[in-house]
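Following: one structure in structure tokens, then a few remarks.
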Amino acid sequence: MNLAQFKQVSDVEWHIAPFGKMRVPAVIYADEALIRDMDEKVYEQVTNVATLPGIVQAAYAMPDAHWGYGFPIGGVAAFDADEGGVVSAGGVGFDISCGVRTLHTGLKAADIAPLKQRLADRLFAHIPAGVGSTGQLRLNAGEMDAMLRGGARWAVERGYGGEADLDRIEEHGCMAGAEPDQVSEQAKRRQRDEIGTLGSGNHYLELQEIVEIYDTKAADRFRLRQGEVVVSIHCGSRGLGHQIGTEFLRQMVMAAPGYGIELPDRELACAPIKSPVGQSYLGAMRAAINCALANRQVITHLTREVFADILPGTRLTLIYDVSHNTCKLEAHTVDGQSRRLYVHRKGATRAFGPGHPALPGELRDIGQPVLIGGSMGTASYILVGTEEGMTRAFASACHGAGRSMSRHQASRQWHGRALVDELAGQGILIRSPSLRGVAEEAPGAYKDVSAVVEAADRAGLARKVARLKPLACIKG
Amino acid sequence: MKTYIVGGAVRDRLLGLPVADRDYVVVGATPDDMQAQGFQPVGKDFPVFLHPRTHEEYALARTERKSGHGYKGFKVYAAPEVTLEDDLRRRDLTINAMAEDEAGALVDPYGGQRDLAARVFRHVSEAFAEDPVRILRVARFAARFTDFSLAPETLALMRSMVDNGEIDALVPERVWQEVARGLMEAQPSRMLQVLRDCGALARLFPEIDRLFGVPQPPQHHPEIDTGVHVMLVVDWAAQQGFSLPVRFAALTHDLGKGITPPEHWPKHHGHEAKSVALVRALSERLRVPADCRDLAVVVAHDHGTVHRALELRPGTLVELLERVDAFRRPERFEEFLQACECDFRGRPGYADKTLPEMDYLRQALHAAQAIDAAGVARSADPARIKEAIFQARTQAVAAWRDHGGERSWAHFPHQADMGVRGIGPTLAAAFEQAALAMTAVVTDPAGVAADEAVEIRCEAPDNELLLVDWLNALILEMAARHMLFSRFEVSLDGTRLHATAWGEAVDTQKHQPAVEIKGATYTELNVKEDESGRWLAQCVVDV
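From first to last, the protein sequence lines stand for chains A and B. Under our numbering, the first sequence has 1734 at position 297, and the numbering climbs by one with no breaks. Under our numbering, the second sequence has 74 at position 71, and the numbering climbs by one with no breaks.
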């Protein structure tokens, strides 16, 4: 993007003063190189978001922002229901509550080296991944509703993991206010046999080695030790979330004019939080959050089964579980006043700082683990929420690398088989049902995740704690 | 007498680049000494000799003194007492003023190595100002050595040479020679930038200089500034390794935009015709060779037409092909398409977009070429042969469009996801093709058996929402049934759609499905009928 469009506040903070119909400024957190590389559409989209009714403080874009639907991916915006604030299906995204969780294995990378191949093969065989794959669970109508209401708690109650897991999941594993009745039959139909499946695209399960520690205090509290192995799972609410996104986007497009909302872009479709459509969406979207939490919980269980089989006695403990595509009601201090706001995070991670009441007791004084997934074959990072981050972008940080090249271009530039061999040469095993899918997800098609994390750290959104290197990747 | 390798060969060796030509300087010799050793004299103005065996150039060390305007106004002084340092001192840049003796030892009296390491173009001495060609040479070097920058004092000196009129003494042939070489370098925009920075662009190419600061519509030109666009276009041409005529056409295609009255900005109606006149005048002034001029003229005239190719009537297509002389010179037609592609891609965000117009025009040419021109000519009224051939070509293109070219699908890129596009003679056909494009996001539709039929119905207030609903209905069936579809029959009743999709269950081994589609979106959503009655239906799908 052209830097002349911004007022530079620091080396990682850029402002766009309100113009035209913007109600608030737009703020982008990124260094100069990242912002130069961003698509012009990010500028257009973040300033469009700033025009929406009831928006509070500013429309934000994270260092990994790129061209999304209505909202930029990597966009954050908060709305006040009492001031005509809106909720936007596009502002949450199609893959509702897509997120990452990371589990500690307590094993040393050296210890699993001889077993890596077997682990990769068994994980790939045991965890359904890719187009058309189905899980072991078949949900009848009653179980579907129970899952949509209970989230990860529903899964734990059915033997998938334990109570301790719930402590380490946002919302304690169960999003309140979910209304299964607001979820269409079509959405439920798409989900019937998809619980416990990874999906496709950029979703993965990865074995990773902790290769660098930046913050010993936080790393100790998260029990991260250099040379040890963790498992990260990146996936979302599967077909159910996609269908809810699709249906409510259309409903909001149709309903917006009736609410007097002028849409600069149809994808920005939204409805007042207090309207029937807004309330109905919030109920359905929260159900989809529970679906994603249940899904990651079941996959966690499948992962534990594989480890128990190959490395008996291994305990996989959950470090944390974060969601990227959500709209949540949270208390934030704005101009010295505490307000309850509907915070949209589209491709952004919540990053609560120390002392936040939502954090479990043993993490409360240090801050929330912020898990940043890399692309297949590149580094991932663990960060921690900070005090100062609470006042920037409503306690939000980046979520990943972000694409720099389209799938189209990537599949022309790389060959799946050659890429798998090349990564194997670097000690990274790839298992995937589709070689073309591998080519489309080539590491070179993504931005440098390290630059994104560095910018987030420098901007005070979250602080770097550890860097993870992939050892094996099950790609959906 | 001592011999040294000098100039570019020394520079390129230090940069680790391949060395093509070697120039030698001989110190302490007279022309008679040289001839006595079998060297052949070739220089008219300077004492230059060819080696009897290698035929490489050997020049006697010399000094030059300015005696008038322009690059020919020099007095040359060559004598045995002229030192190597004297000879190097008259050279343009420090990086070009180094020598190597026969033992390989480097002679660098003016800091060439230092400037090479710092990636700086710096003039050797004030003598630089004596030859205005050096302004063009430095600009050309900037296009070749893309990580070098110009020393501020050298830029200031170049500016003073422009201001005092020295630049105006350049003869047209020499300007063209240097600019043509600069266009063939890695990043020609850097040449334009240097010329612009020192003020030479306005003197040598006022019609290009004028483009800077002229706005274009941001929805088609995110870069807005026409000058920036032209720089991106020539750089794209260079990246593709295109020929000099293509690069010159790329440079000049939008000249007309420079004379749009500002009150019409950012629109440039009719700029093509103005470009043609300006390209002709510029080519005349600089004695641009005919192949470069002719291509630049047709590209200036028709670069807009190409981008509307899919909407053109058969007759209009044949007119375009005839105007570009595609029937007689198909290779020129290829160059024409290349230059138009540069125009398309030379905009931020367009590097990766699909450009179906190119293949479409090639196929149209192919269809029109297939007529029996001799037969048509024999049976036509002798006074109207040309028209008869035109009619036959038009019919051939129309027939091709009705059969082969009419139904098609394509993908277009989106940063994180993918665009699907269907084209057909009816709205329903375009919807069918768009569905096929969507299957192709996941797998090759040719590998999906049409075994099982699924009925789909939907309804929407307008055609665009109907397309999204149709694709989303298919996505739901694909996901819920774990199926892929390869055949579609759509019927429409107003904005009510009834369709059958045939396909089979997903088989990971057989289909190697790349990615699951989450939903069809309103991004880049467009459903329209073009002037020739064909329908297009497209949007981005989230994967």
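C-beta: ideal position from N, C-alpha, C; glycine also.
Cα-Cα separation, residue i to residue j
| i | j | result |
| --- | --- | --- |
| residue 35 of chain B | residue 81 of chain B | 13 angstroms |
| residue 1828 of chain A | residue 1834 of chain A | 12 angstroms |
| residue 434 of chain B | residue 417 of chain B | 20 angstroms |
| residue 337 of chain B | residue 317 of chain B | 20 angstroms |
| residue 1462 of chain A | residue 1477 of chain A | 17 angstroms |
| residue 292 of chain B | residue 327 of chain B | 18 angstroms |
| residue 195 of chain B | residue 140 of chain B | 12 angstroms |
| residue 1682 of chain A | residue 1572 of chain A | 22 angstroms |
| residue 1729 of chain A | residue 1594 of chain A | 16 angstroms |
| residue 52 of chain B | residue 85 of chain B | 17 angstroms |
| residue 1812 of chain A | residue 1883 of chain A | 7 angstroms |
| residue 1576 of chain A | residue 1617 of chain A | 14 angstroms |
| residue 1645 of chain A | residue 1791 of chain A | 26 angstroms |
| residue 445 of chain B | residue 1507 of chain A | 24 angstroms |
| residue 1775 of chain A | residue 1668 of chain A | 37 angstroms |
| residue 1887 of chain A | residue 1816 of chain A | 8 angstroms |
| residue 1869 of chain A | residue 1766 of chain A | 37 angstroms |
| residue 114 of chain B | residue 122 of chain B | 12 angstroms |
| residue 1850 of chain A | residue 1520 of chain A | 49 angstroms |
| residue 402 of chain B | residue 392 of chain B | 15 angstroms |
| residue 244 of chain B | residue 96 of chain B | 28 angstroms |
| residue 277 of chain B | residue 210 of chain B | 11 angstroms |
| residue 1512 of chain A | residue 1764 of chain A | 12 angstroms |
Chain-order list of residues whose beta-carbon lies under 6 angstroms from that of residue i (same chain, five-residue window excluded)
| i | result |
| --- | --- |
| residue 1515 of chain A | 1493, 1778, 1780 and 1831 |
| residue 1615 of chain A | 1585, 1586, 1723, 1724 and 1727 |
| residue 1648 of chain A | 1904 and 1906 |
| residue 1532 of chain A | 1673, 1678 and 1762 |
| residue 1854 of chain A | 1872 |
| residue 88 of chain B | 112 |
| residue 427 of chain B | 410, 433, 436 and 538 |
Other residues of its chain near residue i: CB distance less than 7 angstroms, five sequence neighbours each side excluded
| i | result |
| --- | --- |
| residue 1747 of chain A | 1552, 1555, 1556 and 1559 |
| residue 1526 of chain A | 1682, 1685, 1686, 1689, 1706 and 1718 |
| residue 1598 of chain A | 1592, 1734, 1737 and 1738 |
| residue 220 of chain B | 269 and 270 |
| residue 193 of chain B | 145, 146 and 149 |
Candidates the options, of which the one nearest residue i by Cα
| i | options | result |
| --- | --- | --- |
| residue 1798 of chain A | A:1462, A:1597, A:1529 and A:1601 | A:1601 |
| residue 456 of chain B | B:491, B:441 and B:363 | B:491 |
| residue 1734 of chain A | A:1468, A:1674, A:1891 and A:1697 | A:1674 |
| residue 37 of chain B | B:62, B:267 and B:283 | B:62 |
| residue 534 of chain B | B:511, B:469, B:503 and B:429 | B:429 |
| residue 1795 of chain A | A:1611, A:1535, A:1447 and A:1596 | A:1611 |
| residue 311 of chain B | B:151, B:364 and B:156 | B:364 |
| residue 333 of chain B | B:28, B:368 and B:348 | B:368 |
| residue 556 of chain B | B:200, B:45 and B:172 | It is not possible to answer for residue 556 of chain B, since the shown part of chain B is limited to 4 through 546. |
| residue 218 of chain B | B:303, B:344 and B:261 | B:261 |
| residue 502 of chain B | B:431, B:532, B:531 and B:450 | B:431 |
| residue 321 of chain B | B:374, B:282 and B:343 | B:374 |
| residue 1457 of chain A | A:1818, A:1622, A:1481 and A:1450 | A:1481 |
Per-residue contacts from residue i into chain E (C-beta, under 7 angstroms)
| i | result |
| --- | --- |
| residue 1567 of chain A | Within the model displayed, chain E is absent; protein chains A and B are what it includes. |
Whole-Å CB distance - residue i paired with residue j, under 8 angstroms assumed
| i | j | result |
| --- | --- | --- |
| residue 1808 of chain A | residue 1539 of chain A | 5 angstroms |
| residue 1498 of chain A | residue 1902 of chain A | So it is not a contact: roughly 24 angstroms between Cβ atoms. |
| residue 1923 of chain A | residue 1900 of chain A | The structure shown does not extend to residue 1923 of chain A, since chain A is modelled only from 1438 through 1913, so no value can be given for it. |
| residue 471 of chain B | residue 289 of chain B | Their Cβ separation, rounded to whole angstroms, is 53 angstroms, which puts residue 471 of chain B and residue 289 of chain B out of contact at 8 angstroms. |
| residue 1676 of chain A | residue 1628 of chain A | 5 angstroms |
| residue 249 of chain B | residue 341 of chain B | 5 angstroms |
Same chain, Cβ closer than 8 angstroms to residue i, neighbours up to 5 away in sequence not counted
| i | result |
| --- | --- |
| residue 1712 of chain A | 1692 and 1696 |
| residue 55 of chain B | 40, 41, 42 and 43 |
| residue 184 of chain B | 143 |
(Q) I'd like the ranges of any alpha helix (DSSP H) spanning at least 4 consecutive residues and lying wholly in the stretch 141 to 213 of chain B. (A) 155 to 166, 175 to 186, 191 to 200, 203 to 207 and 209 to 212
Q. Which full runs of the alpha helix (DSSP H) of 4+ residues lie inside the stretch 450 to 509 of chain B, going along the chain?
A. 466 to 484
Q: Ignoring anything shorter than 4 residues or poking outside the stretch 84 to 122 of chain B, list the alpha helix (DSSP H) runs there in chain order.
A: 87 to 92 and 115 to 120
Q: Identify every run of the alpha helix (DSSP H) within the stretch 1493 to 1581 of chain A, keeping only runs that are complete inside it and at least 4 residues long; order them along the chain.
A: 1526 to 1529, 1546 to 1549 and 1553 to 1563
Q. At which residue ranges does the stretch 269 to 328 of chain B contain complete alpha helix (DSSP H) runs of 4 or more residues, listed in the order of the chain?
A. 274 to 289, 293 to 309 and 317 to 326
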